[in-house]
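Take 248 as the starting number for the sequence shown in the working numbering and just add one per residue. Following: one structure in C-alpha coordinates, then a few remarks.
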Amino acid sequence: IAKEWQNRPLEKKYAVVFMDAVHFHVRQDNQTAKKAVYVAIGIRLNGRKEVLGMWIGGNESAKYWLGVLNEIKNRGVEDIMIVSVDGLTGFGDAINAVFPQAEIQRCIVHQIRYTTKFVNYKDLKPFVKDLKEVYQAATEELALENLDQLEENWGKKYPSSVASWRNNWPQLSTYFKYPPEIRKIIYTTNSIENFNRQLRKVTKSKTIFPTDDALFKILYL
(Lines of atoms letter the chains of each structure in order from A; the text may use other names.)
(Lines give C-alpha, C1' and ligand atoms only; values in the text may rest on other atoms or scores of the structure.)
Protein backbone atom coordinates (compact mmCIF):
# COMPACT_ATOMS: atom_id res chain seq x y z
CA ILE A 248 0.00 0.00 0.00
CA ALA A 249 2.82 2.38 0.91
CA LYS A 250 4.46 1.83 -2.48
CA GLU A 251 1.13 2.32 -4.28
CA TRP A 252 0.65 5.60 -2.43
CA GLN A 253 4.19 6.70 -3.32
CA ASN A 254 3.59 5.99 -7.03
CA ARG A 255 0.05 7.35 -7.32
CA PRO A 256 -0.72 9.94 -10.03
CA LEU A 257 -0.58 13.57 -8.90
CA GLU A 258 -2.43 16.76 -9.89
CA LYS A 259 -1.36 18.54 -13.07
CA LYS A 260 -0.76 21.83 -11.29
CA TYR A 261 0.32 22.87 -7.81
CA ALA A 262 0.30 26.40 -6.47
CA VAL A 263 3.19 25.79 -4.07
CA VAL A 264 5.47 22.82 -3.41
CA PHE A 265 7.66 22.74 -0.29
CA MET A 266 10.76 20.56 -0.29
CA ASP A 267 12.98 19.64 2.61
CA ALA A 268 14.89 16.66 4.00
CA VAL A 269 14.82 15.03 7.43
CA HIS A 270 17.55 12.64 8.61
CA PHE A 271 17.42 9.18 10.20
CA HIS A 272 19.85 6.37 11.01
CA VAL A 273 19.50 3.09 9.12
CA ARG A 274 21.54 -0.13 9.28
CA GLN A 275 23.49 -0.81 6.13
CA ASP A 276 26.21 -3.44 5.60
CA ASN A 277 26.52 -4.00 9.37
CA GLN A 278 27.08 -0.27 9.89
CA THR A 279 24.88 2.65 10.80
CA ALA A 280 24.29 5.07 7.94
CA LYS A 281 22.74 8.51 8.21
CA LYS A 282 20.11 8.84 5.52
CA ALA A 283 18.09 11.74 4.24
CA VAL A 284 14.36 11.34 3.75
CA TYR A 285 13.35 13.78 1.04
CA VAL A 286 9.86 15.17 1.61
CA ALA A 287 7.70 17.11 -0.86
CA ILE A 288 4.42 18.71 0.19
CA GLY A 289 2.17 20.40 -2.37
CA ILE A 290 -0.65 22.90 -2.08
CA ARG A 291 -3.28 22.26 -4.75
CA LEU A 292 -5.03 25.10 -6.58
CA ASN A 293 -8.06 24.59 -4.28
CA GLY A 294 -5.85 25.20 -1.24
CA ARG A 295 -5.67 21.58 -0.07
CA LYS A 296 -2.32 20.28 1.12
CA GLU A 297 -0.97 16.86 0.29
CA VAL A 298 2.26 14.97 0.79
CA LEU A 299 3.49 14.22 -2.73
CA GLY A 300 5.95 11.63 -1.54
CA MET A 301 8.89 10.65 0.66
CA TRP A 302 12.14 9.36 -0.79
CA ILE A 303 14.98 7.74 1.15
CA GLY A 304 18.44 8.57 -0.17
CA GLY A 305 22.00 9.10 0.98
CA ASN A 306 23.06 12.53 2.17
CA GLU A 307 20.97 15.46 1.06
CA SER A 308 22.15 16.63 -2.35
CA ALA A 309 20.84 18.63 -5.29
CA LYS A 310 21.52 15.65 -7.56
CA TYR A 311 19.15 13.44 -5.56
CA TRP A 312 16.51 16.19 -5.56
CA LEU A 313 16.76 16.23 -9.36
CA GLY A 314 15.63 12.58 -9.36
CA VAL A 315 12.77 13.42 -6.99
CA LEU A 316 11.63 16.30 -9.22
CA ASN A 317 11.72 14.06 -12.30
CA GLU A 318 9.63 11.46 -10.52
CA ILE A 319 7.06 14.10 -9.54
CA LYS A 320 6.90 15.15 -13.19
CA ASN A 321 6.51 11.55 -14.36
CA ARG A 322 3.56 11.15 -12.00
CA GLY A 323 1.64 13.80 -13.93
CA VAL A 324 2.73 17.19 -12.58
CA GLU A 325 3.05 19.64 -15.45
CA ASP A 326 3.46 22.89 -13.59
CA ILE A 327 4.43 24.19 -10.17
CA MET A 328 4.00 27.92 -9.62
CA ILE A 329 6.29 28.36 -6.61
CA VAL A 330 8.81 25.97 -5.05
CA SER A 331 9.79 26.78 -1.46
CA VAL A 332 13.16 25.33 -0.46
CA ASP A 333 16.10 25.75 1.91
CA GLY A 334 19.45 27.10 0.69
CA LEU A 335 21.01 23.84 -0.52
CA THR A 336 23.65 24.48 -3.21
CA GLY A 337 22.43 23.60 -6.70
CA PHE A 338 18.81 23.16 -5.64
CA GLY A 339 17.65 26.03 -7.87
CA ASP A 340 19.36 24.56 -10.93
CA ALA A 341 17.73 21.17 -10.29
CA ILE A 342 14.27 22.80 -10.10
CA ASN A 343 14.86 24.89 -13.24
CA ALA A 344 15.95 21.79 -15.15
CA VAL A 345 12.64 19.98 -14.53
CA PHE A 346 10.15 22.84 -14.04
CA PRO A 347 11.63 25.83 -15.90
CA GLN A 348 8.49 27.96 -15.31
CA ALA A 349 8.54 27.53 -11.54
CA GLU A 350 9.51 30.45 -9.31
CA ILE A 351 11.87 29.63 -6.47
CA GLN A 352 11.53 31.01 -2.96
CA ARG A 353 14.34 30.27 -0.54
CA CYS A 354 13.18 29.86 3.03
CA ILE A 355 13.67 33.16 4.88
CA VAL A 356 13.84 31.41 8.26
CA HIS A 357 16.77 29.22 7.11
CA GLN A 358 18.41 32.32 5.68
CA ILE A 359 18.05 34.26 8.96
CA ARG A 360 19.53 31.34 10.91
CA TYR A 361 22.46 31.18 8.52
CA THR A 362 23.03 34.95 8.59
CA THR A 363 22.94 35.33 12.36
CA LYS A 364 25.35 32.42 12.89
CA PHE A 365 28.25 34.80 12.29
CA VAL A 366 26.94 37.64 14.43
CA ASN A 367 28.42 38.34 17.85
CA TYR A 368 25.93 37.76 20.67
CA LYS A 369 26.00 41.38 21.84
CA ASP A 370 25.22 42.65 18.32
CA LEU A 371 22.45 40.16 17.71
CA LYS A 372 19.46 42.25 18.84
CA PRO A 373 20.23 45.40 16.83
CA PHE A 374 21.35 43.32 13.82
CA VAL A 375 18.12 41.29 13.77
CA LYS A 376 16.09 44.51 14.16
CA ASP A 377 17.73 45.95 11.02
CA LEU A 378 17.37 42.63 9.20
CA LYS A 379 13.63 42.52 9.95
CA GLU A 380 13.26 45.80 8.07
CA VAL A 381 14.53 43.95 5.00
CA TYR A 382 12.38 40.81 4.93
CA GLN A 383 9.27 42.37 6.48
CA ALA A 384 9.25 45.38 4.16
CA ALA A 385 6.00 46.17 2.36
CA THR A 386 7.60 46.20 -1.10
CA GLU A 387 10.74 44.86 -2.72
CA GLU A 388 11.88 48.41 -3.43
CA LEU A 389 11.71 49.27 0.26
CA ALA A 390 13.38 45.96 1.15
CA LEU A 391 16.35 46.82 -1.08
CA GLU A 392 16.65 50.27 0.48
CA ASN A 393 16.67 48.64 3.91
CA LEU A 394 19.27 46.13 2.69
CA ASP A 395 21.50 49.09 1.74
CA GLN A 396 20.99 50.41 5.27
CA LEU A 397 21.83 47.00 6.75
CA GLU A 398 25.02 46.97 4.71
CA GLU A 399 25.91 50.47 5.85
CA ASN A 400 25.36 49.54 9.51
CA TRP A 401 26.89 46.06 9.54
CA GLY A 402 28.67 45.40 6.22
CA LYS A 403 32.16 46.10 7.54
CA LYS A 404 31.72 44.00 10.67
CA TYR A 405 29.79 41.09 9.15
CA PRO A 406 30.47 41.13 5.40
CA SER A 407 29.51 37.49 4.72
CA SER A 408 26.15 37.88 6.51
CA VAL A 409 25.16 40.83 4.34
CA ALA A 410 26.65 39.33 1.16
CA SER A 411 24.54 36.22 1.63
CA TRP A 412 21.37 38.34 1.22
CA ARG A 413 22.77 40.25 -1.75
CA ASN A 414 23.99 37.15 -3.61
CA ASN A 415 20.78 35.17 -3.11
CA TRP A 416 18.36 38.07 -3.49
CA PRO A 417 16.62 36.76 -6.67
CA GLN A 418 15.53 33.60 -4.80
CA LEU A 419 14.94 35.32 -1.47
CA SER A 420 12.67 38.05 -2.81
CA THR A 421 10.14 36.07 -4.88
CA TYR A 422 7.43 36.48 -2.22
CA PHE A 423 7.36 40.28 -2.63
CA LYS A 424 5.39 39.77 -5.86
CA TYR A 425 2.45 38.40 -3.91
CA PRO A 426 -0.12 39.76 -1.46
CA PRO A 427 0.57 39.37 2.31
CA GLU A 428 -1.68 36.29 2.72
CA ILE A 429 0.35 34.35 0.15
CA ARG A 430 3.69 35.73 1.32
CA LYS A 431 3.11 34.24 4.74
CA ILE A 432 2.69 30.78 3.25
CA ILE A 433 5.63 30.77 0.85
CA TYR A 434 8.44 32.64 2.55
CA THR A 435 9.21 29.82 4.94
CA THR A 436 9.28 26.03 4.69
CA ASN A 437 7.34 25.93 8.01
CA SER A 438 4.57 23.70 6.61
CA ILE A 439 7.10 21.00 5.90
CA GLU A 440 9.04 21.54 9.12
CA ASN A 441 5.85 20.92 11.09
CA PHE A 442 5.33 17.72 9.13
CA ASN A 443 8.94 16.65 9.72
CA ARG A 444 8.40 17.25 13.44
CA GLN A 445 5.53 14.74 13.33
CA LEU A 446 7.81 12.24 11.56
CA ARG A 447 10.44 12.66 14.28
CA LYS A 448 7.78 12.19 16.94
CA VAL A 449 6.67 8.78 15.62
CA THR A 450 10.25 7.60 15.13
CA LYS A 451 11.86 8.84 18.32
CA SER A 452 11.52 5.52 20.15
CA LYS A 453 13.67 3.87 17.45
CA THR A 454 17.16 5.29 17.10
CA ILE A 455 18.24 2.97 14.27
CA PHE A 456 16.06 1.33 11.62
CA PRO A 457 16.94 -2.16 10.31
CA THR A 458 16.21 -1.31 6.64
CA ASP A 459 15.09 1.55 4.38
CA ASP A 460 11.76 -0.24 3.94
CA ALA A 461 11.17 -0.41 7.68
CA LEU A 462 11.80 3.31 7.94
CA PHE A 463 9.55 4.09 4.97
CA LYS A 464 6.73 1.97 6.36
CA ILE A 465 6.61 3.75 9.70
CA LEU A 466 6.82 7.18 8.07
CA TYR A 467 4.02 6.23 5.68
CA LEU A 468 1.80 4.96 8.50
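Ideal placement from N, C-alpha and C gives every residue a C-beta, glycine not left out. Just so you know, these numbers come straight off a predicted model, no measurement behind them.
For I290, the three-state DSSP class (helix, strand or coil) | Position 43 of the sequence shown, counted from the first residue, corresponds to residue 290. In this structure, I290 counts as strand in the three-state DSSP scheme.
Taking all protein chains shown into account, do 16 or more other C-beta atoms lie within 10 angstroms of the C-beta of K404, making it buried, or fewer, making it exposed?
-> Residue mapping note: residue 404 aligns to position 157 of the sequence shown, counting from 1. Counting the other CB atoms within 10 Å of its CB gives K404 a total below 16, which places it among the exposed residues.
Does the region 345-356 come close enough to the region 433-440 to have 3 or more Cβ pairs within less than 8 Å?
-> Result yes; three or more Cβ-Cβ pairs closer than 8 Å.
Can you name the residues that DSSP bridges to Q275?
-> If you number the sequence shown from 1, residue 275 lands on position 28. Q275 has Q278 as its beta-bridge partners, per DSSP.
Over the uninterrupted beta strand (DSSP E) stretch that includes L335, give me the two end residues.
-> For the purposes of this step, residue 335 is identified with residue 88 of the sequence shown, where counting begins at 1. Careful: L335 lies outside any beta strand (DSSP E) and carries neither H nor E.
Anyone know if the C-beta pair for V263 and M328 falls short of 9 Å?
-> Working through the sequence shown from its first residue, we reach residue 263 at position 16. Working through the sequence shown from its first residue, we reach residue 328 at position 81. With respect to the 9 Å criterion, V263 and M328 are classified as neighbours on the basis of their beta carbons.
Where does K282 land, buried or exposed, given buried means 16+ other C-beta within 10 angstroms?
-> The sequence position of residue 282 within the sequence shown is 35, counting from 1. Here K282 is buried, its C-beta having at least 16 other C-beta atoms within 10 Å.
Spatial neighbours of E297 within its chain, please: CB distance less than 6 Å, with the 5 preceding and 5 following residues excluded, ordered by chain position.
-> As a working mapping, residue 297 is identified with position 50 in the sequence shown. Hits under 6 Å: G289.
Determine the extent of the alpha helix (DSSP H) in which Y303 is found, giving its start and end residues.
-> As a first step, residue 303 must be located in the sequence shown, where it is residue number 56. For the sequence presented, residue 303 should be read as Ile rather than Tyr. Counting along the chain, I303 falls outside any alpha helix (DSSP H), though it belongs to the beta strand (DSSP E) covering K296 to G304.
Beta-carbon separation of W412 and V375 under 9 Å?
-> As a working mapping, residue 412 is identified with position 165 in the sequence shown. As a working mapping, residue 375 is identified with position 128 in the sequence shown. No, these two residues do not count as a Cβ contact at 9 Å.
To which residues does DSSP link R350 through a beta bridge?
-> Within the sequence shown, the letter at position 103 stands for residue 350. Sequence inspection shows Glu at residue 350; the Arg mentioned does not correspond to that position. Paired residue(s): I329.
Alpha carbon to alpha carbon, how far is L389 from L292?
-> Sequence index remark: in the sequence shown, residue 389 carries index 142 (1-based). Sequence index remark: in the sequence shown, residue 292 carries index 45 (1-based). Looking at the two C-alpha atoms, the distance is approximately 30 Å.
Apart from the five residues just before and just after A384, which ones in its own chain have a Cβ nearer than 6 Å to its Cβ?
-> Numbered from 1 along the sequence shown, position 137 holds the residue referred to as residue 384. A390 and N393, listed in sequence order.
Report the option in Y467, E307, R430 and K369 whose CA atom is closest to the CA atom of L335.
-> The residue you call residue 335 lines up with position 88 of the sequence shown. Residue E307 is the option with its Cα nearest to L335.
Taking the alpha helix (DSSP H) that P256 falls in, what are its first and last residues?
-> Position 9 of the sequence shown, counted from the first residue, corresponds to residue 256. Where P256 is concerned, there is no enclosing alpha helix (DSSP H), given that its DSSP letter is neither H nor E.
Given that a residue counts as buried once 16 or more other Cβ atoms are within 10 Å of its Cβ, and exposed if not, what is A344?
-> By 1-based counting over the sequence shown, the position of residue 344 is 97. Exposed, by the Cβ-count rule.
Considering only C-alpha positions, which residue in the set G402, E387, R322 and K310 is nearest to Y425?
-> As a first step, residue 425 must be located in the sequence shown, where it is residue number 178. Among G402, E387, R322 and K310, the Cα nearest to that of Y425 is on E387.
Which of the three DSSP states, helix, strand or coil, is assigned to V375?
-> By one-based count along the sequence shown, residue 375 stands at place 128. Reduced to three states, the DSSP call for V375 is helix.
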